[in-house]
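Numbering (my numbering), first residue to last: -10 to 183.
Just so you know, even glycine gets a beta-carbon here, dropped at the ideal spot from N, CA and C.
Shown next, in C-alpha cells, is the structure this report addresses.
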C-alpha cells in the first residue's frame, strides 16, 4: 500500500534511465515540478530531445550505477525488466528513492494522475490495479473541479491570511475559514473588496 504525500522537488536532482515515451512523460512531470533532470539512454525519443533545456541534461550512454551520484530520486524507465531491477537495487543500496515504471510493487514511489487548479491538487491512483479506472475518475473530477477552482483557491489563500492575522480565538477563526470555503467566487471577491 502506498502513502500519498506531496513533496517540494524544486532544485532536487533526478536521474531518469530510459529514452522512450514513458521516460518522456516522467521527465516532463519532474521538470514541471522544478527538478534538475539527468536522462540516460543510448538514444532518446524525439519528444525528449525537444524537451531538452537548462533543467534537462541528456547523456547518450548506457546506465551505470556511478550515474546515481548526488541524485535525490531515480526513475527506471527502460524496456528491460532486468535492467530496471538492477537500477532499483543500486538505488536501494544508496538510499535513493526509485520508481520502476514496469513494476509499481517494487517502486518506492509512483506517479499518480494529477489535476491542478491553482493551489488545489487532486491526485488519483489505483496503485497499478486499473489505469483505466484512474483515467475515468480523473475525468469525473476534472469536470467537477473546473478552472473556477484556480481563482477560488487564490481568493481563499488571501482571506485565510487575513483571518489568521485578525482577532478571534482559534475556534472562531476555524469557523470563519470553514464558512469561507463554502462561498462562491463572487462572494469571496466581495469579501476582499474586489
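- Look at the beta carbons and you see the region 124 to 133 not touching the region 147 to 161: under three pairs across the two are nearer than 8 Å.
- Per DSSP, residue 4 lies in no alpha helix (DSSP H); the unbroken beta strand (DSSP E) holding it starts and ends at 2 to 6.
- Note that the region 40 to 51 does not touch the region 87 to 106; fewer than 3 beta-carbon pairs, one per stretch, sit closer than 8 Å.
- If only uninterrupted beta strand (DSSP E) runs of at least 3 residues are considered, those enclosed by the region 76 to 159 are 86 to 89, 102 to 106 and 109 to 113.
- Only buried fits residue 144, as 16 or more other CB atoms lie within 10 angstroms of its CB.
- The three-state secondary structure of residue 65, taken from DSSP, is strand.
- Residue 4 sits close to residue 57, with the two beta carbons spaced by under 8 Å.
- Relative to the Cα of residue 39, the nearest Cα in the group 9, -10 and -7 belongs to 9.
- Per DSSP, residue 28 is one residue of the beta strand (DSSP E) stretching across 25 to 30.
- Considering only 93, 28, 73 and 106, the residue with the shortest C-alpha distance to residue 137 is 106.
- Boundaries of the alpha helix (DSSP H) around residue 19: 10 to 21.
- Following the DSSP letters along the chain, one finds residue 177 inside the alpha helix (DSSP H) bounded by residues 174 to 180.
- Taking C-beta atoms under 8 Å as the contact rule, residue 66 and residue 6 qualify, at a distance of about 6 Å.
- Just so you know, the alpha carbons of residue 173 and residue 35 end up roughly 45 Å apart.
- Secondary structure note for residue 38: its alpha helix (DSSP H) is the uninterrupted segment 35 to 40.
- Cβ-Cβ distances below 6 Å link residue 141 to 174 in the same chain, with the five nearest sequence neighbours on each side left out; the list follows chain order.
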